[in-house]
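Have a look at the structure below, then the notes.
Residue numbers (this note's numbering), protein chains in the order written: chain A, 889 to 1028; chain Y, 889 to 1028; chain S, 889 to 1028.
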């Protein structure tokens, strides 16, 4: 695999805002603090969710929408640049009152409550189109 | 979202104790080492589990108990103070022999085996009652 | 629980290689960089997966194979030595197009795409046989 040794930079703990989009507010924070490379982990609860699944044959994302409350257990992701703007690549597992779960690539979700740890790195990660997968990946 | 830049402090790797409560031993460790602010990630297996789901309308936790063995895949959480004692806010996904999963906010679980990474921060995070959600959140 | 305070060492971000085994390439990386102690988190997608579930009564692993594409949401694990070679203890939750999930201890999975953060520690973690669980654990 391709890898890059990085130097740790700033670290943050965050409280996500009730009623706002989970991923959008991470990206707004990244833009405000000019964070070009980071990983994060978080947990909380959301009021709904739109998840994406990448169809590896058709090479496009299919969306599925859930209009119900969930625990977010957990959210794992990273921040890098996509077309010069911060993009928060975020994968989540969500759980219901009976413990049942759904998961996937998070597009949008209305935050009920959320807590996040963000570790920035002293580098810039810029996504570029990858021929094989038709995804935007890091050319490390 | 509200956020706080933090300085990294001590880091730990841990082996959870067979037969003891998963969350309780993280809190005992935090009390012993006087850890007031940290995030952690872990993995392992448990012999049972009581999960909580926060009812966003009724604003109270509903409990669901599972009396069966699970892989813990993974546990993500944080340590902060609640009423001056360390509280380990812990979300988990648990899996069975057939791969099926349940998840939620972990109340208790008897550890079979467990491995943890804890990153402490040079700050004190103290939970306070939040009017909107009726949860105890960080006033960052 | 038993725990060890550790000093942070090198940190990496990585892009997993399309078509290669997820866990195998983490172990090859660890061997190449001589990483004896680390935790990691990651996300991505896989083309198939073989998961293990530890039967706590029989004290042996049962395998279950899935021959279908998944999002990997997320992968959490650690690197330590087992019989002097790097072993990547990896737990995953995998999700399908309808959001449904499976999870467990990852044996093998063909990578579609993957992104990883690895944090190394200034110590050597060597797994040793544990009498109680019949697993290879850290004698911290």
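Cβ coordinates follow ideal geometry from the N, Cα and C atoms, glycine included.
Are the beta-carbon atoms belonging to residue i and residue j less than 9 angstroms from one another?
i                       : j                       : result
residue 1000 of chain A : residue 967 of chain A  : no
residue 1010 of chain Y : residue 925 of chain Y  : yes
residue 916 of chain A  : residue 1006 of chain A : no
residue 1008 of chain Y : residue 897 of chain Y  : yes
residue 1043 of chain S : residue 990 of chain S  : The requested residue 1043 of chain S is not part of the displayed model; chain S covers only 889 to 1028.
residue 996 of chain S  : residue 922 of chain S  : no
residue 969 of chain A  : residue 1015 of chain A : yes
residue 890 of chain A  : residue 905 of chain S  : yes
residue 931 of chain A  : residue 961 of chain A  : yes
residue 943 of chain S  : residue 985 of chain Y  : yes
Interface residues of chain Y around residue i at Cβ under 8 angstroms?
i                       : result
residue 1014 of chain S : Ordered by position in chain Y, no residue passes the 8 angstroms Cβ test against residue 1014 of chain S, which lies about 12 angstroms from the chain.
Could you tell me the boundaries of the beta strand (DSSP E) in which residue i lies?
i                       : result
residue 984 of chain A  : Unbroken run through residue 984 of chain A: none, as it is neither H nor E.
residue 915 of chain Y  : Unbroken run through residue 915 of chain Y is the alpha helix (DSSP H), 910-921; no beta strand (DSSP E).
residue 1015 of chain S : Here residue 1015 of chain S belongs to no beta strand (DSSP E), and DSSP marks it neither H nor E.
residue 930 of chain A  : 926-934
residue 907 of chain S  : Per DSSP, residue 907 of chain S belongs to no beta strand (DSSP E) and is neither H nor E.
residue 960 of chain Y  : 958-970
residue 946 of chain S  : That residue, residue 946 of chain S, is in no beta strand (DSSP E); it is neither H nor E in DSSP.
residue 998 of chain A  : That residue, residue 998 of chain A, is in no beta strand (DSSP E); it is neither H nor E in DSSP.
residue 893 of chain Y  : 890-894
Could you name the residues of chain Y that residue i contacts, counting a contact when the two beta carbons are closer than 7 angstroms?
i                       : result
residue 993 of chain S  : 959
residue 1023 of chain S : 1001
Three-state secondary structure (DSSP) at residue i?
i                       : result
residue 1028 of chain A : coil
residue 1023 of chain S : coil
residue 955 of chain S  : coil
What does residue i reach in chain A if we use C-beta pairs closer than 8 angstroms?
i                       : result
residue 1026 of chain Y : 901, 903 and 1003
residue 927 of chain Y  : 901, 929 and 1005
Who are the neighbours of residue i on chain S, taking C-beta pairs under 9 angstroms?
i                      : result
residue 931 of chain Y : 964, 965, 966, 977, 978, 979 and 993
Give a yes or no on whether the minimum CB-CB distance between residue i and chain C is below 9 angstroms.
i                      : result
residue 935 of chain Y : Among the chains of the structure shown, chain C does not appear; the protein chains present are A, Y and S.
Could you list which residues in chain A have their beta carbon closer than 7 angstroms to that of residue i, in chain order?
i                      : result
residue 989 of chain S : 981, 989, 990 and 991
Please compile the residues from chain Y whose C-beta is within a distance smaller than 9 angstroms of the C-beta of residue i.
i                      : result
residue 986 of chain A : 941, 952 and 990
residue 948 of chain S : Residues of chain Y passing the Cβ test: none, with the nearest at roughly 12 angstroms.
residue 892 of chain S : 900, 901, 902 and 903
Can you list the residues of chain S that residue i reaches, using a CB-CB cut of under 7 angstroms?
i                      : result
residue 906 of chain Y : 1020 and 1021
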